[in-house]
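Step one of this worksheet: look at the structure below.
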Amino acid sequence: MNTTKTNCTFSISDLGSVKQKVLNWAKRFNTFCFLDNHQYQIRPHSEECLLAAGVKRELSANAGSALKQLQDFIHYRSDGDRQANWLFGHLGYDLKNEIEDLSSDHFDGVGFPDMYFFEPEILIRLNEKEMIIESNDAEKIFNEILNERNRAEDSYHLPNIQSRLSKEEYIDIITQLRQHILRGDCYEINFCQEFFAENTSINPVAVYKKLSTVSPNPFSALYKINDRWLICASPERFLKKEGNTILSQPIKGTSQRIINDKQKDEQNREELFVSSKDRSENVMVVDLVRNDLSKVCKDGTVKVDELYGIYSFPQVHQMISTVSGELRNDISFTDIIRATFPMGSMTGAPKKRVMELIEQYEKTKRAIFSGAVGYISPGNNFDFNVVIRSIMYNAVTKYLSFQAGSGIIYYSDPEKEWEECLLKAEAIKKVLSETDSIGEE
Numbered sequence: 002m003n004t005t006k007t008n009c010t011f012s013i014s015d016l017g018s019v020k021q022k023v024l025n026w027a028k029r030f031n032t033f034c035f036l037d038n039h040q041y042q043i044r045p046h047s048e049e050c051l052l053a054a055g056v057k058r059e060l061s062a063n064a065g066s067a068l069k070q071l072q073d074f075i076h077y078r079s080d081g082d083r084q085a086n087w088l089f090g091h092l093g094y095d096l097k098n099e100i101e102d103l104s105s106d107h108f109d110g111v112g113f114p115d116m117y118f119f120e121p122e123i124l125i126r127l128n129e130k131e132m133i134i135e136s137n138d139a140e141k142i143f144n145e146i147l148n149e150r151n152r153a154e155d156s157y158h159l160p161n162i163q164s165r166l167s168k169e170e171y172i173d174i175i176t177q178l179r180q181h182i183l184r185g186d187c188y189e190i191n192f193c194q195e196f197f198a199e200n201t202s203i204n205p206v207a208v209y210k211k212l213s214t215v216s217p218n219p220f221s222a223l224y225k226i227n228d229r230w231l232i233c234a235s236p237e238r239f240l241k242k243e244g245n246t247i248l249s250q251p252i253k254g255t256s257q258r259i260i261n262d263k264q265k266d267e268q269n270r271e272e273l274f275v276s277s278k279d280r281s282e283n284v285m286v287v288d289l290v291r292n293d294l295s296k297v298c299k300d301g302t303v304k305v306d307e308l309y310g311i312y313s314f315p316q317v318h319q320m321i322s323t324v325s326g327e328l329r330n331d332i333s334f335t336d337i338i339r340a341t342f343p344m345g346s347m348t349g350a351p352k353k354r355v356m357e358l359i360e361q362y363e364k365t366k367r368a369i370f371s372g373a374v375g376y377i378s379p380g381n382n383f384d385f386n387v388v389i390r391s392i393m394y395n396a397v398t399k400y401l402s403f404q405a406g407s408g409i410i411y412y413s414d415p416e417k418e419w420e421e422c423l424l425k426a427e428a429i430k431k432v433l434s435e436t437d438s439i440g441e442e
């Protein structure tokens with residue numbers, strides 16, 4: 002049997018409908034990664050939508066020697082006569098324990114490995130006009146996808162979403178963190194809290210579709226490794242490499258959308274742009290990213306392409322900056338990760354000290370949350386998101402988790418930080434509070 006992959010291109014007329022069918026078709030696989038830009042044009046823009054399905058080979062590892070194993074895994078695909086192929090997967094937050102002298106002992110209810118990558122059996126690329134299938138049976142796959150029927154899903158009720166922290170506990174912790182900043186332990190710290198539900202049964206594909214309807218963000222993902230699911234509506238890019246250029250687009254600064262009042266919505270947008278507190282947070286993380294990129298970039302090439310850019314999403318306005326640089330010639334993928342991970346927008350500064358404080362004050366492991374999901378292309382370009390605005394779910398243990406956080410500086414108001422966390426979690430709560438039937442469309 003011929004196992005050589007071929008690229009076949011098929012014309013499509015309705016991208017939205019085809020994405021739904023692709024998701025329905027993907028459910029048959031134990032492992033897949035679906036990445037969707039939702040037609041946002043946050044530059045640079047390379048791929049509108051990707052599905053990697055089935056496992057040709059894989060690497061799963063926890064912090065210790067994970068990055069060395071990953072570099073060997075990347076190198077192997079282009080060794081000898083092998084044709085370089087796409088790789089998809091994730092970097093979990095606790096890889097920090099390998100990069101720095103740190104540890105994590107908190108509870109983790111979902112159980113993603115610290116790192117996982119796979120070479121897919123099938124790759125599907127979608128844009129507004131075409132579906133490109135890389136497989137040895139592309140035409141059969143295309144016909145299967147087109148023949149997928151829309152199926153209504155059983156209704157469900159999500160019992161008792163709980164928080165690890167009460168409002169009083171949260172405010173007390175923020176007060177303590179402000180004292181750490183006052184003492185000079187750190188300048189800024191990203192503090193997160195977990196919301197969770199136990200003994201819960203959901204349909205992850207249907208929930209992803211609902212979340213994408215409520216909150217269609219440019220770095221969304223539906224990611225499955227056997228019984229573990231990530232349902233992600235991220236607006237944030239961690240790192241993108243294209244040729245010799247690498248860039249990061251950290252988010253710091255959030256204000257609420259008021260869709261039914263254009264004047265108030267624009268006022269919130271303008272207030273975010275001029276907010277000294279949000280600008281302070283944003284410039285701190287920009288400086289941290291500049292420092293991280295300078296470790297792997299040619300001298301003098303790291304620059305801030307955009308500072309304090311305001312971008313509007315369905316629930317919130319966000320302040321996003323862009324930092325880029327030109328990589329040195331001798332830099333590997335894992336060199337870049339060691340220099341930049343975890344991303345500064347999810348830690349604070351200085352990075353090692355705030356990660357120690359995160360471990361001290363947070364109550365659960367972050368695991369895949371505030372890690373990164375993405376791909377490495379055959380040409381060794383890559384694009385990874387920041388895993389935020391996400392639901393994590395274990396279909397065996399029936400444990401569901403999502404987290405929300407904010408950047409804390411000395412001038413942070415604990416009450417307002419609490420409200421910001423609730424705002425960020427609102428899209429997820431809205432999806433999970435649905436008790437009517439959730440369909441496949």
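Numbered per this note's numbering, the sequence shown finishes at 442, counting up by one with no gaps.
Glycine residues also receive a C-beta, built at the ideal position from the N, C-alpha and C atoms.
Those residues which DSSP pairs with residue i across a bridge
i                 : result
aspartate 37      : Cys50, Ser221
leucine 248       : Lys241, Ser325
methionine 320    : Ile311
serine 136        : Thr7
glycine 65        : Glycine 65 pairs with nothing; no bridge assigned.
serine 12         : Glu131
cysteine 298      : Leu328
isoleucine 125    : Leu52, Ile134
threonine 32      : Ile226
cysteine 193      : Gly406
leucine 374       : The sequence given here has valine at residue 374, not leucine. BP columns for valine 374 point to His91.
serine 164        : Phe196
phenylalanine 119 : Glu59, Phe89
isoleucine 392    : Ile232, Phe403
glutamine 257     : Val317
asparagine 25     : DSSP lists no partner for asparagine 25.
lysine 304        : Ser325
Straight-line gap, residue i to residue j (C-alpha atoms, nearest Å)
i                 : j                 : result
valine 19         : arginine 44       : 24 angstroms
arginine 29       : glutamate 282     : 43 angstroms
threonine 365     : leucine 423       : 18 angstroms
serine 346        : serine 407        : 9 angstroms
alanine 64        : lysine 265        : 47 angstroms
leucine 328       : asparagine 381    : 13 angstroms
glutamate 59      : phenylalanine 118 : 6 angstroms
lysine 130        : glutamate 199     : 42 angstroms
isoleucine 369    : arginine 126      : 25 angstroms
glutamate 149     : lysine 22         : 6 angstroms
serine 256        : histidine 76      : 43 angstroms
glutamine 361     : histidine 107     : 10 angstroms
methionine 356    : glutamate 271     : 32 angstroms
glycine 110       : serine 12         : 43 angstroms
serine 413        : lysine 278        : 8 angstroms
tyrosine 209      : arginine 165      : 24 angstroms
phenylalanine 274 : isoleucine 260    : 18 angstroms
threonine 348     : phenylalanine 113 : 20 angstroms
leucine 16        : asparagine 128    : 7 angstroms
glutamate 135     : valine 56         : 14 angstroms
cysteine 193      : aspartate 138     : 45 angstroms
Exposed unless 16 or more other CB atoms sit within 10 angstroms - verdict on residue i
i              : result
glutamate 416  : exposed
alanine 426    : buried
serine 322     : buried
threonine 214  : exposed
aspartate 115  : buried
proline 236    : buried
glutamine 319  : buried
aspartate 306  : exposed
proline 379    : exposed
glutamine 177  : exposed
isoleucine 337 : buried
asparagine 191 : buried
aspartate 82   : Here aspartate 82 scores only 49 on pLDDT, less than 50, and its place in the model should not be relied on; the value that follows carries that caveat. Exposed, because fewer than 16 other Cβ atoms sit within 10 Å of the Cβ of aspartate 82.
arginine 367   : buried
leucine 183    : exposed
valine 397     : exposed
serine 202     : exposed
Residue i: CB within 7 angstroms of a non-hydrogen atom of the ligand NAP
i            : result
glutamine 21 : The model on display carries no ligand, and the ligand NAP is accordingly not part of it.
Rounded distance between the beta-carbons of residue j and residue i, thought under 8 angstroms
i                 : j             : result
phenylalanine 383 : valine 374    : Not confirmed; about 11 angstroms, so no contact.
alanine 234       : serine 391    : 7 angstroms
alanine 405       : glutamate 189 : At roughly 17 angstroms, the Cβ-Cβ gap does not stay under 8 angstroms, so alanine 405 and glutamate 189 are not in contact.
leucine 358       : histidine 181 : 6 angstroms
7 angstroms Cβ shell around residue i - same chain, five flanking residues per side excluded
i              : result
lysine 353     : Glu101
asparagine 218 : His39, Ala234, Ser235, Pro236, Phe314, Arg390
isoleucine 146 : Lys22, Val23, Trp26
glutamate 99   : Ala64, Gly65, Ala67, Leu68
Contact set for residue i: own chain, Cβ-Cβ below 8 angstroms, skip 5 residues either direction
i              : result
isoleucine 172 : Pro415, Glu416, Trp419
arginine 447   : This structure gives no information on residue 447, because the portion of the chain shown stretches from 2 to 442.
6 angstroms Cβ shell around residue i - same chain, five flanking residues per side excluded
i            : result
glutamate 48 : none
leucine 36   : Leu51, Ala222
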